[in-house]
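Note that the UniProt record's numbering has the sequence shown beginning at 1, numbered continuously upward. The beta carbon of each residue, even a glycine, is placed where N, CA and C say it ideally should be. Predicted, not measured: the structure shown is a model, and the values here were computed from it. See below for the structure under consideration.
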Amino acid sequence: MSVVHLQSVEILNANAAFADPYIFKITSECISELAEDIEWKLIYVGSAEDEKYDQELDNCLVGPVPVGVNSFEFEAAAPSPSKIPAEDLLGVTVILLTGSYKDQEFIRVGYYVNNEYESQELKENPPEKVDLTKVRREVLVSKPRVTRFNIKWDTDTATAADASSTAPGGAAVNGNAASLVGEEASLTAPPATGAEASAAADKVTYREEEEEDEPAAGGAKEAATSSFRPVSVA
């Protein structure tokens, strides 16, 4: 049983300039004391073709984490354009928000991000070299992909969690946008935030990467949900 349950994730600047930082408000519930801090990371997928272009935009340690509901803001810098292939600067990609305990990832939330020129003129007649000062990014917040992983928590913590008779309520992403109760949310068909963003996102295909089963806190093995990465853009 998980000791930390994600309650909500809110992106405070989902629509912003390409160079603006990403700002998240993360709320979670901890149902038992933890011996160590929780690490949060934000990863930008620079290319659908090769994960070597992934960029860790920032990370932070949160702790000590008290029992109960906790909330904090996490700010991460924009990706470095020089580390992104020129052909992937515009269009749809993915950001991954991850939570880990003792170097074990237990939660991952993925969002589509659409990067495009803000003016119709530049969209129709883009310059040969991408002018990022005129590019805006839009995080498609209404239908994230949520993946949970079974990990080894602290022994005492696991015992307390298993003994708890009250299961936490559901989680939401951006308020009521997506329930995270019971199973991962689907990101196979991105939400429409405009005809152009939707059409671009539809070109992204995905492959499933099966994660190795990790022993659950009580010792029994449970299958972890699958992760995802964009693998090609038509």
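Boundaries around Glu124 are those of the alpha helix (DSSP H), Gln120 to Glu124, since no beta strand (DSSP E) includes it. If you ignore the 5 residues before and after Val45, its C-beta comes within less than 8 Å of the C-beta of Glu51, Tyr53, Asp54, Thr93, Val94, Ile95, Leu96, Arg229 and Pro230, all in its own chain and listed in chain order. Going by beta carbons, Leu6 and Asp37 fall outside the 8 Å limit.
Shown here, Leu57 sits in a strand according to DSSP, grouped into three states. Looking at the DSSP output, Phe72 shares a beta bridge with Ile26. Distance check between Ser47 and each of Asp103, Asn125, Val67 and Pro81 places Pro81 closest, using alpha-carbon atoms only.
In this chain, the beta strand (DSSP E) harbouring Lys143 covers Val135 to Arg148.
The alpha-carbon separation between Gly68 and Ile107 amounts to approximately 18 Å.
When Ala76, Val146 and Glu128 are compared, the shortest CA-CA separation from Lys41 is found for Ala76. Here Asn115 is buried, its C-beta having at least 16 other C-beta atoms within 10 Å. When C-alpha distances from Ser142 are compared across Thr133, Leu34, Val130 and Val9, the shortest belongs to Val9.
Within the DSSP bridge table, the entry for Lys41 names Asn59 and Thr98 as partners. Leu34 counts as buried, since at least 16 other C-beta atoms from the protein chains shown sit within 10 angstroms of its C-beta.
By the 16-neighbour rule on beta-carbons within 10 angstroms, Pro79 is buried. If you ignore the 5 residues before and after Val113, its C-beta comes within less than 6 Å of the C-beta of Thr93, Ile95, Arg137 and Val139, all in its own chain and listed in chain order.
In the DSSP assignment, Gly110 falls within the beta strand (DSSP E) that extends over Gln104 to Tyr117.
In this structure, Ile11 is the residue among Ile151, Pro66, Ile11 and Glu105 with its C-alpha nearest to the C-alpha of Ile23.
Thr133 counts as exposed, since fewer than 16 other C-beta atoms from the protein chains shown sit within 10 angstroms of its C-beta.
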